[in-house]
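Those protein sequences? They're chains V and Z, same order as listed. Residues in the first sequence are numbered from 7 upward in steps of one, following the numbering used here. Residues in the second sequence are numbered from 36 upward in steps of one, following the numbering used here. The C-beta atom is built at its ideal place from N, Cα and C for all residues, glycine as well.
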Amino acid sequence: MTQNQKPLTAREKVLAFVFFLVGTSLLVEVGFRLFGPKYYHFNNMFAEYTTNPRGYFDTLYEKDGQALYGIKMNTAVGVGGRRGVDMRGRPTEKILGLGDSQAQGQGVRFKDTMYEQLSDTLSNSGITASVRNASVSGYDLDEIVSRYAYETSTGAQYDLVLYAMVLDDYGLNRDEIEGLDFIQYQPGYTFDPWRARSAAWNFVAHTAEQLALSKDTSRAYLNSFRGKNLEAKTEQLTRLAQQVSNDGGTLVVMVLPLLYDFENYPFGEIHQTLVNSASENNIHLIDLLPVLNTEQAQDLWVHPTDHHPNERAHKMVADAVHQYLETQQLTESLKNH
Amino acid sequence: MALLSMLLFILGAGGLLLGGGWTLFSGGPTLANLKPALAGLVMVVIAWLLPVGGGLNMADAPAPPPPPPPQPPLHQEGAVPINHHEPQRKQLSSGMSISVRLRSACSTDATGTPTCWGEPAPLTGQAIKRVAFGRDHGCALLTTGEAECWGSAEESRGDTRNQPFVDISSTLENSCGLTAQGALRCWGEKTVLPPPNHRFRSLTGGAQHTCGLTDRGEVLCWGCENPKDCAAPQGPFTQVSAGHNHTCALQTNGAAQCWGSNDSGQSTPPNIAFQQLSSGWSHTCGIDIRGQLHCWGCDTKLSKLFPDSPNHCSPPDGQFSAVAAGDLWNSCALHTNGKAICWGGLRREKEPQ
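Below, the structure is given as structure tokens:
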């Protein structure tokens, strides 16, 4: 303002202030659009993704002009499980693989699943035994135990029974959780359309979501491994191990960590609890946290919207399990076939 | 669209700031001075209202999906795929039925209003006669005769979408619909059609096989992995229900007759007169003529593994109008008061409140 200009009137000051607010808001919005957290809508209930960042997925189909990507799964193993397209010529299935969608391989090709990669590794080491993948999305411990009973109800016998345990297998109280459970959104979650329209709002909502995730959801996970529930589930797992032994096999539990914030991993207590209880009850257990936390958690995701383990994580798991089996000499019975 | 939105946004923001600055320092808020700012504001608004989220970081963001259809009260267990064949519908009280598989169940009341619990079945809320679950798919037979299906088998339905049916069935891989003329239309994978020249009045799907009750009361089964499992005895029968690898049918005198797999005793029914049967994964349940429930074929190993659970073959007391035997020795039944009760397996407490 030069000496000859009049000072701003009150109206002009108000106008200036309004423009300042609007301008700043717009700059903030631009900033978040450029540098803020990305907006993604979780859609991993059907394992269909709107992007293919690693170039790993197949194009499933187009919807409303947009391609959807993913891996089509063949789950024709009994009443659910995982198999490949052509299963001819595979070695005899002398190992039973149990678990949920993580072991089933959501978002991962059959040949890249942990159980199939383990089958390949065993084959390469001269052991002709493959893994029957009876993992089904959503199974928890009780269902896995029942599935074992089903798989052996016709007299089938397995030298090894591998159980890929996920930290929600002990019965997560989902009433304590809203939004994410570190793996996927919960049913009933309502989509906020303004997260797609405003990057600034998306940042606020994302931050709040992460805070709730770390607080409420973590607590739900930790609570499921405490008190009477822990006691009951430990007994259940012990009964399973005993039944497998009675049937002539050996149970090996593989504890998969949640792929979340390995630098400040909030579930170390759970892993330690599981290690301790397995030791006390003479159950073979592999804690895969030290195996997987050598990488960034997000590098092991199937997709930014789907925190199931990707093919790289599956390979790391398969290698670690193979090493454990060799070290514990649990492959000896397989060599006799 | 996202790039256009971003460009408009940046240009608009720039115009707004420029116009605002010009207004303040060049001579006050006259209309002429405000034009750049107003133009910028308009561009920003347009950018914000464009259908895709816009912004460089949001270029991959899809359009917001429509909200999911309202679901009945559910037990929240997370996304999973569906398993299991469909158990036979009940015929005791007209319009009422119940179907169950591992992770969810659906029942219908006398008006056909469905209630589902456990894993959500994507029904649209229309009145249905029954639901038939497969592994990754399922179908609901609407009271209008249309089959509302979802999942993997839906993609291969072709012109069956417009075909009215009087009954439906699902195996793990496919589904079939029964026309009013007694003929079958099937879709999905590994579809196998029955021998020709038979008119059917009801269908039931097992794991791989399908059975039909003919107009003459005979049972025909097809699609079995083991041909012996499809060798139905001579009738006449009034109802048939296919399990995983076994099948049970009701004779005219109420006696149950079963064939196929019998490794846990699921094909050895008690000597009781029944009015409805349902064959599950590897157990069978039935409602006797007094409305009481009976189940048989439960694996003893499961009792050892779940010592604290009620015996899976000990259903609740009471009067029931429909029963459905599901996966992993899970069963549900409709009480005569309309309430659904589940027991056995693992989800006995998860029926709707």
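message: Just to confirm my understanding: we take Leu66 (chain V), look at its own chain, exclude 5 residues before and 5 after, and list those with CB closer than 7 angstroms. What are they?
response: The residues are Glu54, Leu74, Tyr75, Gly76 and Lys78.
- prompt: Any C-beta of chain V sitting closer than 8 angstroms to the C-beta of Leu52 (chain Z)?
  reply: Leu52 (chain Z) counts as touching chain V.
Stretch-stretch touch, CB-based, cutoff 8 angstroms, three pairs: the region 44-59 of chain Z with the region 315-327 of chain V: At 8 angstroms Cβ cutoff, the stretches do not touch.
message: Give me the DSSP bridge partner(s) of Ile395 (chain Z).
response: In the structure as shown, chain Z begins at 36 and stops at 388. Residue 395 (chain Z) is therefore absent and cannot be evaluated.
- request: Check the C-beta distance from Gly144 (chain V) over to Ser230 (chain V) and give it rounded, since I have them as a contact under 8 angstroms.
  value: Not confirmed; about 16 angstroms, so no contact.
task: List the residues of chain Z whose Cβ lies closer than 9 angstroms to the Cβ of Gln249 (chain V), in chain order.
output: From the beta-carbon of Gln249 (chain V), the residues of chain Z found nearer than 9 angstroms are Lys336, Lys339 and Leu340.
- request: Name the two residues that bound the continuous beta strand (DSSP E) containing Thr158 (chain V).
  value: Thr158 (chain V) -> no beta strand (DSSP E), and no H or E assigned at all.
- prompt: At a cut of 8 angstroms, does the region 249-264 of chain V reach the region 202-213 of chain V through at least three beta carbon pairs?
  reply: Short answer: they don't touch.
- prompt: How many Å lie between Leu248 (chain Z) and Ala188 (chain Z) at the Cα?
  reply: Roughly 24 angstroms between the two C-alpha positions.
- prompt: If you draw a straight line from the C-alpha of Trp307 (chain V) to the C-alpha of Leu264 (chain V), how long is it?
  reply: Between the alpha carbons of Trp307 (chain V) and Leu264 (chain V) lies a gap of roughly 10 angstroms.
message: Considering only their Cβ atoms, is the gap separating Leu168 (chain V) from Val91 (chain V) smaller than 8 angstroms?
response: Judged by beta-carbon spacing, Leu168 (chain V) lies beyond the 8 angstroms limit of Val91 (chain V), meaning their Cβ atoms are not closer than that value.
- prompt: According to the neighbour-count rule (16 or more other Cβ atoms, all chains shown, within 10 Å of its Cβ), is Gly335 (chain V) buried or exposed?
  reply: Position check: residue 335 (chain V) holds Gln in this sequence, whereas Gly was assumed. Counting of Cβ neighbours within 10 angstroms places Gln335 (chain V) among the exposed residues, the total staying below 16.
field: Distance between Gln354 (chain Z) and Arg89 (chain V) (C-alpha atoms, nearest Å)
entry: Straight through space, the alpha carbons of Gln354 (chain Z) and Arg89 (chain V) are spaced by roughly 43 angstroms.
message: Between Ile81 (chain Z) and chain V, is the shortest Cβ-Cβ distance under 8 angstroms, so that the two count as touching?
response: Not closer than 8 angstroms to any Cβ of chain V, the Cβ of Ile81 (chain Z) fails to qualify, so no.
query: Quick one, which of V:Arg203, V:Leu124 and V:Glu332 has its alpha-carbon nearest Ile81 (chain Z)'s?
result: Out of V:Arg203, V:Leu124 and V:Glu332, V:Arg203 has the C-alpha closest to the C-alpha of Ile81 (chain Z).
query: Just how far apart, CA to CA, sit Glu35 (chain V) and Asp174 (chain V)?
result: Their backbone Cα atoms lie some 37 angstroms apart in a straight line.
- prompt: chain V partners of Met78 (chain Z), CB-CB under 8 angstroms?
  reply: Within 8 angstroms Cβ-Cβ: nothing; Met78 (chain Z) doesn't reach chain V, min ~11 angstroms.
- prompt: Nearest chain Z C-beta to Val151 (chain V) closer than 8 angstroms, yes or no?
  reply: At least one beta carbon of chain Z lies nearer than 8 angstroms to the beta carbon of Val151 (chain V).
- prompt: Shortest alpha-carbon distance to Gly270 (chain Z) belongs to which of Z:Val227, Z:Glu253, Z:Gly278 and Z:Trp257?
  reply: Ranking Z:Val227, Z:Glu253, Z:Gly278 and Z:Trp257 by CA distance to the CA of Gly270 (chain Z) puts Z:Glu253 first.
message: Which residues in chain A have a C-beta closer than 9 angstroms to the C-beta of Ala211 (chain V)? List them in chain order.
response: Of the chains in the structure shown, none is chain A; the protein chains are V and Z.
- request: Taking all protein chains shown into account, decide if Asp264 (chain Z) is buried (16 or more other Cβ within 10 angstroms of its Cβ) or exposed.
  value: With at least 16 other beta carbons inside 10 angstroms of its own, Asp264 (chain Z) counts as buried.
- prompt: Can you list, in chain order, the residues of the region 232-248 of chain V whose Cβ is nearer than 7 angstroms to any Cβ on chain Z?
  reply: Of all residues in the region 232-248 of chain V, only Arg245 and Leu246 place a beta-carbon less than 7 angstroms from a beta-carbon of chain Z.
field: Alpha-carbon to alpha-carbon, Ala140 (chain Z) and Ser129 (chain Z)
entry: In this prediction, Ser129 (chain Z) scores a pLDDT of 41, lower than 50, which makes its location untrustworthy; no coordinate-derived value is stated.
- request: Using DSSP bridges, identify the partner residues of His172 (chain Z).
  value: Residue pairing by DSSP places His172 (chain Z) opposite Z:Gly186 in a beta bridge.
task: Ignore the nearest five residues each way along the sequence and tell me which others in Ile133 (chain Z)'s own chain have a CB closer than 6 angstroms to its CB.
output: If we look at Ile133 (chain Z) and ignore the five residues flanking it on each side, its Cβ neighbours are Ser142, Ala357, Ala359, Cys367 and Leu369.
- prompt: Which residue or residues does DSSP assign as beta-bridge partners of His309 (chain V)?
  reply: The partner list for His309 (chain V) (beta bridge, DSSP) reads V:Asp312.
- prompt: So with Cβ pairs under 8 angstroms, would you call Tyr330 (chain V) a contact of chain Z?
  reply: No, no contact with chain Z.
- prompt: Can you name, in chain order, every residue of its own chain whose Cβ lies under 8 angstroms from the Cβ of Gln327 (chain Z), other than the five neighbours on each side?
  reply: Cβ-Cβ distances below 8 angstroms link Gln327 (chain Z) to Asp352, Gly353, Gln354 and Phe355 in the same chain, with the five nearest sequence neighbours on each side left out; the list follows chain order.
- request: Return the chain-ordered list of same chain residues with a C-beta closer than 7 angstroms to the C-beta of Ala242 (chain Z), the five sequence neighbours on each side being excluded.
  value: Cβ neighbours of Ala242 (chain Z) beyond the five flanking positions: His120, Thr206, Leu207, His279 and Asn280.
Length at least 3, wholly inside the region 282-355 of chain Z: the beta strand (DSSP E) runs in chain order: Segments of the beta strand (DSSP E) lying fully in the region 282-355 of chain Z: 291-295, 309-314, 319-323 and 328-331.
Span separating the alpha-carbon of Glu157 (chain V) from that of Phe41 (chain V): When rounded, the separation of the alpha-carbon atoms in Glu157 (chain V) and Phe41 (chain V) is 51 angstroms.
- request: Could you confirm whether any beta carbon from chain Z is found closer than 8 angstroms to the beta carbon of Ala16 (chain V)?
  value: No, because no Cβ of chain Z sits closer than 8 angstroms to the Cβ of Ala16 (chain V).
message: Assuming contact is defined by CB atoms lying nearer than 8 angstroms, are Asn232 (chain Z) and Gly223 (chain Z) in contact in what I supplied?
response: Using a Cβ distance threshold of 8 angstroms, Asn232 (chain Z) and Gly223 (chain Z) do not count as a contacting pair.
query: Does Ile299 (chain Z) have its Cβ less than 8 angstroms from a Cβ in chain V?
result: Here the sequence assigns Ser to residue 299 (chain Z), which means Ile is not the residue at that position. Yes, Ser299 (chain Z) lies at the interface with chain V (some Cβ there is under 8 angstroms from its Cβ).
query: Excluding the five sequence neighbours on either side, which residues of its own chain have a C-beta within less than 7 angstroms of the C-beta of Leu228 (chain Z), listed in chain order?
result: Result list for Leu228 (chain Z): Leu219 and Cys221, in chain order.
message: Can you give me the C-alpha to C-alpha distance between Asn50 (chain V) and Gly113 (chain V), rounded to a whole angstrom?
response: Confidence is the limiting factor: at Asn50 (chain V) the pLDDT is only 46, short of 50, which leaves the residue's position unreliable and the question unanswerable from this model.
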